[in-house]
Amino acid sequence: MSASAAAVEAWSKSFLSGQDPEIRDALLGDSRIVTYPAGVCICRATEGDYLVALIHSGRIRAQITSWDGREVTTRYMTVGQITAVPAMLTNGAPASLHAVTTCEVSLLNPNTFRRLMRTHAALSYQVAVYLAESTYETVAYFEDNLFGSVQQRVSRHLLEMATPTVKGLLVQTDQAELASAIGSVREVVARALKKLSDTGAIRRSRRQIWIEDPGLLRSLASTPLGGWGGVRDE
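Position 85 of the sequence shown, counted from 1, bears residue number 333 in my numbering, the numbering being contiguous throughout.
Here it is as structure tokens:
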């Protein structure tokens with residue numbers, strides 16, 4: 249089965265874009281396209297429950313849940329990124345996936361992916377590099393969640409969750425959902441949002457948060473661990 253134009257475009261933005269076309273055709277030819285509405289849980293953090301998905305459009309949040317039910321975000325993923333690569337190699341992982349916005353993805357066949365990795369050294373090496381970079385990114389998120397102030401964490405998550413519209417950058421969420429994303433409670437997040445609103449960085453309207461000054465919000469967000477983001481920007 250030939251791949252859709254959206255899937256091929258997403259592939260060109262992925263960490264696998266430099267692989268031989270036969271790799272792309274094998275994975276996309278054995279995939280199916282699915283759309284998830286904003287706010288739904290795509291898969292739960294249970295053993296063996298994972299989805300390897302190439303994102304065509306939208307934004308997905310990965311989060312882990314503690315033994316007492318508390319949740320914290322580990323990363324956000326958007327166009328061209330592939331979910332659950334570590335879980336594919338370990339037959340499950342303690343992470344859930346949630347659609348931040350409406351998302352279209354290609355669900356890749358993990359059996360096909362693993363088979364290709366066993367027979368193509370270049371593919372296996374590229375996956376290893378991706379996993380190393382993902383580890384650094386996850387550590388940076390953990391540093392923010394452990395040591396960053398609530399205002400810093402809220403600012404970063406708002407920037408990550410924002411969707412461009414004709415009227416500006418829009419985040420469709422509420423205080424409870426945002427508190428869950430950063431591992432805090434609604435009352436604390438409400439105070440942080442009020443401060444951000446008072447500075448003019450954001451404007452709130454029910455479940456909508458408009459980012460009025462992205463530059464200011466970025467200045468209020470925390471810096472990734474060890475300067476990883478700085479290294480990539482140079």
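Ideal Cβ positions, reconstructed from N, Cα and C, are used throughout, including at glycine.
- Annotation for R272: W259 place their beta carbon closer than 6 Å to its own, counting only its chain and skipping 5 residues before and after.
- Checking the DSSP bridge columns, you'll see W458 partnered with L418 and R451.
- In the structure shown, H405 falls within a helical segment according to DSSP collapsed to helix, strand and coil.
- DSSP lists G416 as the bridge partner or partners of T413.
- In the structure shown, R292 falls within a coil segment according to DSSP collapsed to helix, strand and coil.
- Here the stretch 423-433 lies against the stretch 390-409, with 3 or more beta-carbon pairs under 8 Å apart.
- Assignment of V377 by DSSP, reduced to helix, strand and coil, places it in the helix class.
- Residue burial annotation: F395 is exposed, with fewer than 16 other C-beta atoms found within 10 angstroms of its C-beta.
- The DSSP-derived three-state label of R362 is helix.
- Taking 8 Å as the cut-off, the beta carbon of I290 is found closer than this to the beta carbon of I308.
- If you compare the alpha carbons of A341, A370 and G328 with that of L355, the shortest gap goes to G328.
- Going by C-alpha positions, T338 is about 42 Å away from S453.
- For A301, the closest alpha carbon among the candidates I312, T411, E319 and M325 is that of M325.
- Straight-line spacing of the CA atoms in E319 and G306 works out to 22 Å.
- Contact between the stretch 456-463 and the stretch 374-388 is absent: fewer than 3 CB-CB pairs across the two stretches fall below 8 Å.
- In the DSSP assignment, T322 is bridged to no other residue.
- Note on geometry: alpha-carbon atoms of Y298 and A251 lie some 22 Å from one another.
- When the five nearest sequence neighbours on each side are left out, the beta carbons in the same chain lying within less than 6 Å of the beta carbon of V419 are those of L406, M409, A410 and I457, in order along the chain.
- Judged by DSSP secondary structure, L299 falls outside any beta strand (DSSP E); it is assigned neither H nor E.
- In this structure, A343 lies away from G287, with their beta-carbon atoms at least 8 Å apart.
- The three-state secondary structure of R280, taken from DSSP, is strand.
- Here V414 is exposed. Its C-beta has fewer than 16 other C-beta atoms within 10 Å.
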